[in-house]
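Chemist:
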Amino acid sequence: MSSSRSKKYNAPVNLRKVRKAFDKGEYQEVIQTLESALPSASGSDKLAMQYYLAMSYVKTGQSAKAEPLLAILMKDQEYAERIQEDKKNAQKANKCRQNRHF
Numbered sequence: 007m008s009s010s011r012s013k014k015y016n017a018p019v020n021l022r023k024v025r026k027a028f029d030k031g032e033y034q035e036v037i038q039t040l041e042s043a044l045p046s047a048s049g050s051d052k053l054a055m056q057y058y059l060a061m062s063y064v065k066t067g068q069s070a071k072a073e074p075l076l077a078i079l080m081k082d083q084e085y086a087e088r089i090q091e092d093k094k095n096a097q098k099a100n101k102c103r104q105n106r107h108f
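Heads up: the sequence shown runs through residues 7 to 108, numbered per the working numbering.
1) Apart from the five residues just before and just after K65, which ones in its own chain have a Cβ nearer than 6 angstroms to its Cβ?
2) Would you report the Cα separation of R22 and Y57, rounded to the nearest angstrom?
3) Is the CB-CB distance between A60 and L44 below 8 angstroms?
4) Put T66 into one of helix, strand or coil per three-state DSSP.
5) Excluding five sequence neighbours on each side, which residues of the same chain lie with their C-beta closer than 7 angstroms to the C-beta of Q68?
6) Whole angstroms are fine: how far does the CA of D29 sit from the CA of N95?
7) If we ignore side chains and look at the alpha-carbon of each, how far apart do V36 and V19 end up?
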């Protein structure tokens, strides 16, 4: 058997730490943590993990990996609203960036 130290993310995921890493832009860390933790997650924690993993994929240009997770999340009203809000904010940010180039 392998030790728990060799499998860094076997322990339950601390979602507060995941949120902090996400907010700091540490998307690769979020991806590594959640890819290994998601299969054993359940309930509201699983939805939160799927959200942060999907958004981290989007932020790192891995939209194809994000799509299946986003499809699941869109079935939950709270996350569907959150994703729509994220899209609006991203569009506004892109518009601002484009306007600066002119």
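We put the CB at the ideal spot given by N, CA and C, even for glycine.
Modeler: In this structure, then:
1) Here residue 65 refers to the residue found at position 59 of the sequence shown. Same-chain partners within the cutoff: Y33.
2) Indexing the sequence shown from 1 puts residue 22 at position 16. Indexing the sequence shown from 1 puts residue 57 at position 51. It is roughly 14 angstroms from the alpha-carbon of R22 to the alpha-carbon of Y57.
3) Position 54 of the sequence shown holds residue 60. Position 38 of the sequence shown holds residue 44. Not a contact, by the Cβ cut-off of 8 angstroms.
4) For the purposes of this step, residue 66 is taken as the residue at position 60 of the sequence shown. Three-state DSSP puts T66 in coil, outside helix and strand.
5) Here residue 68 refers to the residue found at position 62 of the sequence shown. Contacts found: none.
6) Taking the sequence shown and counting its residues from 1, the one referred to as residue 95 is at position 89. Taking the sequence shown and counting its residues from 1, the one referred to as residue 29 is at position 23. Each residue's Cα considered, the two are about 15 angstroms apart.
7) In the sequence shown, the residue the question calls residue 36 occupies position 30. In the sequence shown, the residue the question calls residue 19 occupies position 13. Distance between the alpha carbons of V36 and V19: 10 angstroms.
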